[in-house]
Amino acid sequence: MKPCNYNDARRGFLKKSAAIAALYLTPSLLVKAFAIDAVVPTPIAKEKLTITINGKLLNLEIDARTTILNLLREELNFTGTKKGCEMGQCGACTIHINGKRTKSCMQLAISNQNNSITTIEGLTNSEVLHPMQAAFLKHDAFQCGYCTSGQIMSAVACVREGQAKSRDSIKNFMDTNICRCGAYQNIVDAIEEVAKAGTKI
Amino acid sequence: MNQKNTNTIFWEDERVDGADKVTGKAKYTAEHNLPNLAYAVFVTSNIAKGTIKNIDTSKALAMTGVLDVIYYANCPAVPGYNPNAAERPKNVSEWRGHKVLYDNKVRFFGQPIALVVADSFENANAAIRFVKPEYETEAFETNFDKARLNVANLKPPVTYKRGPETVTNVAATVEAEYNIPIEVHNPMELQATIAYWEAEDKLLLYDKTQGPKSTQGLMAKTFGLPDKNVRVIAENVGGAFGSSLRSWSNVPAACIAAKKLNRPVKLVLTRPQMFTLIGYRPQSWQKVNIAANAAGDFLSINHEAISNTSRYEDFREGIVDVSKFLYAAESVNTKYSILPLDLSTPIWMRGPGEATGCFALESAIDELSYKLKMDPIALRIKNFTTINPENKLPFSDNNLKACYEYGMTKIGWKNRPTVPGTLKENGLLIGYGMAVGVFGAGKGTASVRAILSSDGKLVLECAVSDMGPGTSTSMSKIAAEAMQMPITKIKFKLGDSDLPPGPSQGGSGTTSTVGSAVDLACKTLQQKLKDLAIQFAPPFSGATPDTLEVKNEIVSLKTDATKKIEIVALLKLANQDKIDLTINSSGKTPEQLKFTSNSFSAHFVKLAVNPKDGKIKVLQVVTTGDAGKIISPKTAHSQMLGGVVGGLGMALSEKLEIDHTTGQIMNASFGAYHVPLHSQIPNIDAWFVNKPDMNVNDIGAKGIGEIALIGFAGAIANAVYNATGKRVRDLPITPEKLGFKSVKA
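Protein chains in written order, with my numbering: chain A, 1 to 201; chain B, 1001 to 1745.
Written out as structure tokens, the structure reads:
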């Protein structure tokens, strides 16, 4: 690297925030400084949402554009549900809505009035792992762990819906969930074991 | 199949961080919700090359919650963005790939040109379409196949030459060209940064990185800060495969916005941006020529390659290197050039250049075997070498023959037809194929801190990160074995640049490098315990350290186990509340440098091709690894499975498509860029030689991550030929390339 003679730039950059911070604390001034075009939707009203998340009834005020995924991750700190594509293509955000597996990035929160949501955090209430979580751990059915919440939520649905009759039927059901680390074989092992155990999950 | 480790006394088989990952508790970069967090979203260029004349930000700025739109005209001058730096800097730290929002040039389609920052993700996202750039466009080139034909477009080649110009007694020759398209890492976690200026000159970063220390160093340089004023946290990394080996534009962009707005800023890339902003495996063309005598000895190997880079940075990788040393050949010529295109810069992707090179080399050897009428494994054994022919050093270990033996038996190699296209099962054409992978086994420097506290718990610390292989698990196991104590009392801390310096996680080097440091730290700790025992514990007075041993949390006399003291009691006796030490582990010793060290793999495939439509179904995979001692059998096994899955994508489906009339990527989503899914995965048997290689490091372990994938695509191509008699040299291998027009999914 060339010798950096940017002491002025450095001081200038590091001081930057002090000089302009005040401006940004008053965004309304900025708004007035520019002509508001008719096409710009402003302001955005908050909507009321009543929703049950992991057994807890919540009354929320939310941005109508918020997906369940972003509501969970950004507002409610349920970060166990993962964002992988926001296009319904990867399955990392899979949750259960009224017991049915759903890609939460494809659901506006506001369209889920009075619905009941279960996320990976709510799969079990006890300190003991849910049988599917335990099976994933035992079979090393993940590496980086990022797709894992979605895989487990789909896997639970797979068994509950009677789709775990054979390895092939498990694979077909689970094609909704991508694992880029390639833990697929171990995931199927885990689901197969839980299905064969026959306990209600 | 899981291979049982003999030493299972001190640990359970599961990942030490596994419970956090199956319960959703493990926190990834974007999940640290700091107070007063602002949300940033990139606005990207929709031209491939040109100059931005103006950006109209007024409408976006007027929208609810929008705090700022940062672009070249209002971006504070970043101290490290040297405007006088060469357009193609040589120093990695000056790479332009992370420079952002600093000039009005567009260098590739999808380049960040502005950053919208708002008080919520929804408000930021809504505003990006109201940011209106005006461009002056320039002619560009994104077409590799066309541009590589003109030598003037290429950077000067790097060449290698050994042996005589001409060879005699040639009985068979193969010469063929191989093409691999751009492939994209696509880890499941989106690239993300949260930047927070804790003080005017103190930066805290949550960043998705394979190297907390590397990100720390680069951002310190970028913002003119001492390293210690930048802290980078990457506790969990949701896959990366090479894409997070360097800091990309998202890191400084978040830092700039956080500084300008004086509040923490989160910037998460979208999935389409993951295709353009964090690197990819470059497109490549290769030509391989192998000449052999009638006995099958390779007389010469010529390997030529071109791969693409960006217009603003040089990126090279080891595409032709494998041909120099994997097999005995007296005469070897290689030539490698790079081709700048108006695309973003590539980066190492799992298996990097070696995966590209092995596809060509291992395909060519397979072709040669048919010409020589030799079994392809016999041909490889014929050219097997224990001496690296490139540097003339002996391999520290090379157990490929054991891999061949296991793989041949398990895949049923004896059923392989010697005449291609002649074996059918249930109306499908059946083929068997195999190929070899190889990757360097390095050992670098690392520091590890060990803290043994008065309750007998051991904490080890190193600033490495874990993108998925299970580093904290394998490091804890190395410590458990070195200390001969239960893993439940050991905690390995990683993913924080404030910890003692460690390497970036890449190049299959973590276990060797950090593992050696952990081993050394534990041995040093044992030495301290022995010294304390001799000094303070009566049974050992007058003893010498070499007569003592530390085992089962007890210091005892080797010859008389009744003379002993528990570690906890010893610390109490010595009036120490803890032992706290930091060691520095060096690279290879002069003794280790007398060898050339590699990990090896051999992959075996049985597949079926439907003669009606050309659909390929992989029926069975046997993958074998020679990587020294396997530290953590379960996680190592998973890594091998992952390599196969990645290799299946490389071989059969992955290809980035570019519209060369606009320079735009046409399939930047999981819906259009096809990575392997559950239903495409056959039964995979992963096996290791599991023989410690004590010539590489003190723990006898070598890396697995790369060899798990390197060579796999070749095994598929060779099996497809065996099934059909059709040699496909262009990846991915699709039914169209087997002569079928199109197949409905």
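For glycine and all other residues, C-beta sits at the position ideal for the given N, C-alpha and C. As the structure is a computational prediction, the values presented were derived from the model and not from experiment.
Give a yes or no on whether the C-beta atoms belonging to residue i and residue j are separated by under 9 Å.
i	j	result
Tyr-146/A	Tyr-1028/B	yes
Ile-1194/B	Ser-1243/B	no
Gly-204/A	Ile-53/A	Here chain A covers residues 1 to 201 and nothing more, so residue 204/A does not appear.
Leu-1460/B	Met-1475/B	yes
Phe-1670/B	Ala-1355/B	no
Ser-1597/B	Lys-1528/B	no
Met-1188/B	Gly-84/A	yes
Ser-1497/B	Thr-1222/B	no
Gln-1273/B	Gly-1357/B	no
Val-1237/B	Asp-1017/B	no
Ser-1632/B	Gly-1470/B	yes
Phe-1315/B	Thr-1345/B	yes
Tyr-1135/B	Ile-1047/B	yes
Thr-1142/B	Phe-1109/B	yes
Sort the options by Cα distance to residue i and report the nearest one.
i	options	result
Asn-1667/B	Gly-1163/B, Glu-1183/B, Lys-1572/B	Glu-1183/B
Asp-1366/B	Ser-1337/B, Asp-1342/B, Pro-1420/B, Ile-1387/B	Pro-1420/B
Thr-124/A	Thr-1023/B, Ile-1347/B, Val-1174/B	Thr-1023/B
Arg-65/A	Leu-76/A, Thr-52/A, Lys-46/A	Lys-46/A
Ser-154/A	Arg-10/A, Cys-144/A, Thr-118/A	Thr-118/A
Lys-1260/B	Ala-1291/B, Val-1459/B, Ser-1214/B, Val-1116/B	Val-1116/B
Asp-1626/B	Asn-1398/B, Ser-1331/B, Val-1320/B, Gly-1357/B	Asn-1398/B
Lys-1266/B	Ala-1719/B, Ala-1040/B, Ile-1306/B, Thr-1547/B	Ala-1040/B
Ile-1616/B	Ile-1052/B, Leu-1652/B, Gly-1628/B	Leu-1652/B
Ala-1060/B	Asn-1415/B, Ala-1126/B, Leu-1034/B	Ala-1126/B
His-1032/B	Ile-1233/B, Gly-1700/B, Gln-1505/B, Pro-1486/B	Ile-1233/B
Asn-1391/B	Ala-1328/B, Ala-1030/B, Tyr-1673/B, Ala-1482/B	Ala-1328/B
Ala-1326/B	Gly-1437/B, Asn-1046/B, Thr-1064/B, Lys-1563/B	For clarity, residue 1326/B is Leu in the given sequence; the question names Ala instead. Selected option, being the one with the closest Cα: Gly-1437/B.
Can you give me the start and stop residues for the alpha helix (DSSP H) that residue i sits inside?
i	result
Phe-142/A	First-last for Phe-142/A: undefined, no H or E at that position.
Ser-1323/B	1322-1325
Glu-161/A	Counting along the chain, Glu-161/A falls outside any alpha helix (DSSP H), and DSSP gives it neither H nor E.
Ile-51/A	Looking at the DSSP string, Ile-51/A is not in any alpha helix (DSSP H); the run it does join, the beta strand (DSSP E), is 46-53.
Thr-1173/B	Segment 1172-1180 is the beta strand (DSSP E) holding Thr-1173/B; no alpha helix (DSSP H) there.
Lys-1382/B	1376-1382
Kindly indicate which three-state DSSP category residue i falls into: helix, strand or coil?
i	result
Ala-197/A	helix
Asp-1056/B	strand
Trp-1413/B	helix
Thr-26/A	Reliability of the predicted coordinates at Thr-26/A is poor, the pLDDT of 37 falling under 50, and no value is obtained from them.
Ser-1632/B	coil
Ala-1574/B	coil
Ala-21/A	Residue placement at Ala-21/A cannot be trusted, given a pLDDT of 40 that sits under 50; what the coordinates show is reported in the next sentence. Helix, per DSSP.
Gly-1725/B	coil
Trp-1254/B	The question names Trp, but residue 1254/B is Ala in the sequence shown. The answer is helix: DSSP assigns Ala-1254/B an H, G or I state.
Phe-1144/B	helix
Phe-34/A	Unreliable placement is indicated for Phe-34/A, whose pLDDT of 41 sits below 50; the coordinate value is still reported in the next sentence. It is coil, neither helix nor strand.
Pro-1340/B	strand
Tyr-1196/B	strand
Arg-1263/B	coil
His-1098/B	helix
Arg-180/A	coil
Glu-1317/B	coil
Where do the N-terminal and C-terminal ends of the beta strand (DSSP E) with residue i fall, by residue?
i	result
Tyr-1434/B	The sequence given here has Met at residue 1434/B, not Tyr. Segment 1428-1440, the beta strand (DSSP E) holding Met-1434/B.
Ala-1446/B	1446-1453
Tyr-1160/B	1158-1162
Ser-1300/B	1298-1310
Phe-1395/B	Looking at the DSSP string, Phe-1395/B is not in any beta strand (DSSP E), and its letter there is neither H nor E.
Asn-1289/B	1284-1292
Ile-62/A	56-63
Asn-1123/B	Run containing Asn-1123/B: none in the beta strand (DSSP E); it sits in the alpha helix (DSSP H), 1121-1127.
Let me check you understand the geometry: is the CB of residue i closer than 8 Å to at least one non-hydrogen atom of the ligand FMN?
i	result
Asn-1667/B	Looking for the ligand FMN in the displayed structure turns up nothing, as the structure carries no ligands at all.
Along the stretch 1156-1186 of chain B, what residues have a CB closer than 7 Å to any CB found in chain A? Asn-1186
Residues, ordered as in the chain, of the stretch 50-63 of chain A that lie near chain B by beta-carbon distance below 9 Å: Asp-63
Residues of the stretch 136-166 of chain A whose Cβ lies closer than 8 Å to any Cβ of chain B, in chain order: Phe-136, Leu-137, Lys-138, Asp-140, Phe-142, Gln-143, Cys-144, Gly-145, Tyr-146, Cys-147, Thr-148, Ser-149, Ile-152
Name, going along the chain, the residues of the stretch 168-189 of chain A whose beta-carbon falls closer than 9 Å to a beta-carbon of chain B. Asp-168, Ile-170, Lys-171, Asn-172, Phe-173, Met-174, Asp-175, Thr-176, Asn-177, Ile-178, Cys-179, Arg-180, Cys-181, Gly-182, Ala-183, Tyr-184, Gln-185, Asn-186, Ile-187, Val-188
Tell me which residues of the stretch 1247-1259 of chain B have at least one Cβ-Cβ distance to chain A shorter than 7 Å, keeping chain order. Lys-1259
Residues of the stretch 87-112 of chain A in Cβ contact with chain B at a cutoff of 9 Å, in chain order, please. Met-87, Gly-88, Gln-89, Cys-90, Ala-92
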